[in-house]
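Enquirer: Residue numbering for the sequence shown follows the UniProt record's numbering, starting at 1 and increasing by one per position. Glycine is no exception: its CB is placed at the ideal position from the N, C-alpha and C atoms. Source: prediction; values computed, not measured.
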Amino acid sequence: KQDKNQEEREKLELDYLKKLDHEHKEHQKEQQEQEERQKNQEQLERQSQREVEKRYQEQLQKQQQLEKEKQISEASRKSLSRDLEASRAAKKELEAEHQKLKEEKQISDASRKSLSRDLEASREAKKKVEADLAALNAEHQKLREEKQISDASRQGLSRDLEASREAKKKVEADLAEANS
């Protein structure tokens, strides 16, 4: 009977220990789930915080963009004379970018036209220099030819003079001979 009581006591103790162990595990599990929920909650809160921060930043950027557009619009109203130009300056950023590209293209076109004019002027100047050079060469050739003619003429005159002197000497000799 005592053994049976001992057995029952042990069984009760064992059951109690099992129950305690089970409760302990349940408690641990609950605690873990609680921690998991806490972690998830914190993660959600952080995510939510990030979302709020992101939306705030987006709103801030939109606000800054609107400020920028407003400043552009104000400056345009002051500086531009026509309503059309004032409204163009106040349009969306894409249109402002398009306008900027158009202006850059106009500058580029004007620059290209200017370069083209400069090139044309340079070609004209080159043609003039070449024409002047050709005229100078022709003049030089003409002067050389005239010099050759002049040299030939001088040589001819020199020969004629020599021949004339010879003839004079002969005539003088003939006269001297006739007189003696």
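(1) Kindly give me the distance between the Cβ atoms of A110 and I72, rounded to whole angstroms, as I take these residues to be in contact under 8 Å.
(2) If you reduce the DSSP assignment to three classes, tell me which class K113 lands in.
(3) For K92, which three-state DSSP category applies?
(4) For S180, which of helix, strand or coil comes out of DSSP?
(5) To the nearest angstrom, how far is the alpha carbon of Q155 from that of R144?
(6) Can you give me the C-alpha to C-alpha distance between S158 and A167, rounded to a whole angstrom?
Expert: On the basis of the data shown:
(1) Against the sequence shown, residue 110 aligns to sequence position 110. Against the sequence shown, residue 72 aligns to sequence position 72. Actually they are not in contact, since the Cβ atoms of A110 and I72 sit about 24 Å apart, beyond 8 Å.
(2) Taking the sequence shown and counting its residues from 1, one reaches residue 113 at position 113. Shown here, K113 sits in a helix according to DSSP, grouped into three states.
(3) Translated into positions along the sequence shown, residue 92 becomes position 92. Of the three classes helix, strand and coil, the one that applies to K92 here is coil, per DSSP.
(4) Counting from 1 along the sequence shown, the entry for residue 180 is found at position 180. Reduced to three states, the DSSP call for S180 is coil.
(5) Counting from one through the sequence shown, the residue named residue 155 turns up at place 155. Counting from one through the sequence shown, the residue named residue 144 turns up at place 144. Cα-Cα distance, rounded: 16 Å.
(6) Within the sequence shown, the letter at position 158 stands for residue 158. Within the sequence shown, the letter at position 167 stands for residue 167. Distance between the alpha carbons of S158 and A167: 14 Å.
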